[in-house]
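Just below is one structure, and these are the notes that go with it.
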Amino acid sequence: MSYNVSNTKLADCLNKLRVYDLNQLCRKFLLPQNGKKIAIIERILECITDVEREEQIYEFILATKPSIFELNKGKKTNNKASNNDNNNDTLNNNKSNNNSNNSYVNNNKNNNVLCINNDSNNQEISDINTGKKNSPQAAKKGKVKIYEESNEFSSCACGGMVKNVSSKNCVVKCIECEKPQHISCYIQNSSISKNMQDYKILCVACRLKDMDPFYPLKQILWMKSLNANSEKIMINANDIKSWKNENKEVIIFCIHIDKTDLSGTISVKQEWPKTFTLKVNGNVIEKISEPTWEHKRRDSPLKITHVLHAGNNNIDINITNYEVPKLFVLAFLLCKIETEQNIIENIILNSSLNFKEAKNRIIHILSIKHDDDEVMCMEINRKISLNCPFSLDRILIPCRGIKCSHIQCFDLKSFIDITKKTKAFNNRWKCPVCSFFLRPKHLVIDTFITYILSQVPKDIKEVELNKTGEIIFNHNNSESKILKSIDDTDLPNLQKMGFEIKTEQSIDNNGNNDGKENNINTNEIIILDSDSETDAENNENTNDNVIANAIEKTNHDIVQEL
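Read in order, the letters of the sequence shown correspond to residues 85 to 646 in the working numbering.
Structural data, given as structure tokens:
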């Protein structure tokens, strides 16, 4: 049997539902559930921003209380969007209509409603009308959401699947890729400001592309916000053999978008809804239970390449949102495996900080007072450890974050290795000093620390910075001190000395010089500040270039060793 919904007003239908059913509908569309019945109905009507959502509400009403609609004695009828005669030719008339209208069709086995996606071809619609069992569409219940990467709104939270928006003027461009975004898709159930400049949105595609540097994004297979409790998806995997040969993986990511951080200033994290169930071709692949107070859930992406077969794969998603609804976006991404060595090489060759900038940055940090609240992660004792916080060994490639406010660096290779082995996905890529999230694009090689490491003996574990901008280290805990001031006037000699500092040697009682490396002078001070004399100012640029070239050669040698 089927029901005629063409002559029924939506408000009247909602008014005939119980408050409990209305609350269930509010939860389905992430709406607040408080208030009287009239207020809840008005809230539901206000959330209708497109034809698709209106159809979903009709489907919910029909599944909850079908007696609201007129019984049409088993005839197949079209929905309210089409006012044609209610006969068997209705679906055939929809061949010329490319809108996202659905048809309520009888299912002989369980009397459920079958929602047909009119984006499919006419042959599939004809097969359903004739009741062919072999039709792929006839075997599925619910509307299959098709993702088109060519759609201009494909990077929006809706995945370009919202056909009609209530206000087409409420569109802004992504702050990074400049692709159009629906504001209503990010700020659901909230009033939209008339001033479009108030909205700075980082699109979902830009958020996802750097989410896992070990599996960089190559193609978006499907992406959409989870506005309902269930979704039906079709993934085409005709090229799955070539994907495996090219070391590519199909991975499911799910992120939460906070409407208070539309610009993406906070690092994106993997976060599943309250509950999540994944079925691929009818088989349950993953079932995520709700978190408990005694056990914090560790959410990680899901790899599903091994359960896909060549051709179309039917995927069913069932979720439960939280009591205070959140906006979740689910994405099926085709990613390519990136090796640790490639990541390290790209950072070394493309993200090395200029020597002069690195030096000036340290001088600037040293000049800031300790009690300045705007400075984060400031070492009170002004000491720099030459050992990596991860491996506790000597730093080989000093690295830090671009936005880190501390001087302490860590070893790049150790950072990548530890990150790779960290099982908790959301705890990866954290700075060991300040806990900032540092993905490869946020990392930089500190060339000044590289310079210091090349001059300090390998048995020295830390150096100390004083207020005058000097780096002091003690060798072998000896009391005798021989100081050598290194400033910009001395740096031209570095080219002649092969990037080595020429220091005075300790003189024994017989007056002879000891040239062995182990008897290097006990204390050495490296002056960071430039000399104020005229000749120092004239040679500053030349000196920095000399060091930069030497450090570049050192980095190149490191890459070759990797």
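Cβ atoms here follow ideal geometry from the backbone N, Cα and C, with glycine treated the same way.
Residue from the options with nearest C-alpha to residue i
i: E422; options: E374, A394, S469 and F298; result: F298
i: E407; options: N434, T359, F416 and N444; result: T359
i: N107; options: K120, D96 and A95; result: K120
i: A95; options: R111, F113, I132 and K112; result: I132
i: K293; options: C254, A312, Q354 and I276; result: Q354
i: H448; options: S435, L476, I491 and L418; result: I491
i: I533; options: V288, D543, R445 and A123; result: R445
i: D477; options: I452, N438 and K542; result: K542
i: H393; options: K420, V352 and K328; result: K328
i: I145; options: C488, S239, C258 and K112; result: K112
i: R137; options: K302, H266, A312 and I468; result: A312
i: I372; options: S384, G366 and E378; result: S384
i: V255; options: Q303, Y283, L417 and V228; result: Y283
i: K263; options: I276, Y270, V246 and C287; result: C287
i: R44; options: N510, I350 and S538; result: With the chain running from 85 to 646 in the structure shown, residue 44 is simply not present.
i: G715; options: K440, I324, P357 and E441; result: This structure cannot speak to residue 715, because the chain is shown only from 85 to 646.
i: F337; options: L537, K487, V413 and K93; result: V413
i: T148; options: N118, V103 and I122; result: V103
i: L417; options: L301, E374 and L346; result: L301
i: A442; options: C261, L310 and Y535; result: Y535
i: Q117; options: S238, P409 and T506; result: P409
i: K487; options: K100, A289, I124 and T349; result: T349
i: L305; options: Q281, E233 and S268; result: E233
i: S657; options: C242, D296 and E260; result: The structure shown does not extend to residue 657, since the chain is modelled only from 85 through 646, so no value can be given for it.
i: K545; options: N471, S475 and I267; result: N471
i: T344; options: V228, Q140 and Y270; result: Y270
i: V528; options: D342, F439 and L450; result: F439
i: T389; options: Q539, S326, I141 and I502; result: S326
i: P375; options: S238, N405 and R291; result: N405
i: K497; options: W513, S489, V391 and W356; result: W513
i: L450; options: A415, S489, N279 and S475; result: S489
i: I122; options: Q140, I141, F237 and L101; result: L101
i: D105; options: E330, K93 and I141; result: I141
i: D289; options: V246, I341, Q281 and M280; result: Note that residue 289 corresponds to Ala in the displayed sequence, not to Asp. Comparing Cα positions, the closest option is I341.
i: M295; options: H379, A415 and V135; result: A415
Within 8 Å, strictly: CB atoms of residue i and residue j
i: D530; j: R466; result: no
i: I285; j: C258; result: yes
i: I128; j: L114; result: no
i: C240; j: Q272; result: no
i: N365; j: N397; result: yes
i: P482; j: L537; result: yes
i: F494; j: I479; result: yes
i: L411; j: I335; result: no
i: K332; j: C261; result: no
i: I124; j: N99; result: no
i: K505; j: E424; result: no
i: I452; j: V547; result: no
i: V368; j: T361; result: yes
Residues that residue i bridges to, as DSSP identifies them
i: Q265; result: V256
i: K371; result: T361
i: G485; result: L527
i: T666; result: Absent from the structure is residue 666, since the part of the chain shown begins at 85 and ends at 646.
i: N235; result: DSSP lists no partner for N235.
i: F412; result: H340
i: N118; result: None, per the DSSP bridge assignment.
i: H379; result: T376
i: D400; result: K316 and K363
i: L418; result: Q303 and V334
i: S436; result: I529
i: Q354; result: I339
i: N471; result: R478
i: K93; result: Per DSSP, none; premise fails for K93.
i: L386; result: I336
i: K229; result: I317
i: F113; result: Partner(s): none; F113 has no beta bridge.
i: V547; result: I468
Would you list, in sequence order, the uninterrupted beta strand (DSSP E) runs of no fewer than 3 residues that lie entirely inside the segment 301-338?
Runs of the beta strand (DSSP E) inside the segment 301-338: 301-309 and 314-320.
Taking 8 Å as the threshold, find out whether the segment 510-518 comes into contact with the segment 424-443 through three or more Cβ pairs.
Counting C-beta pairs closer than 8 Å gives fewer than three between the segment 510-518 and the segment 424-443, which falls short of the contact rule.
I want to know whether the segment 314-331 touches the segment 396-403 - three or more CB-CB distances under 8 Å.
Counting Cβ pairs under 8 Å, three or more are found: they touch.
Sufficient close CB pairs (3 or more, under 8 Å) joining the segment 521-528 to the segment 433-442
Flag = yes, the segment 521-528 and the segment 433-442 touch.
Beta strand (DSSP E) segments (min. 3 residues) lying fully within the segment 476-520:
When DSSP assignments are scanned along the segment 476-520, the uninterrupted stretches of beta strand (DSSP E) that are 3 or more residues long and fall wholly within it turn out to be 482-485.
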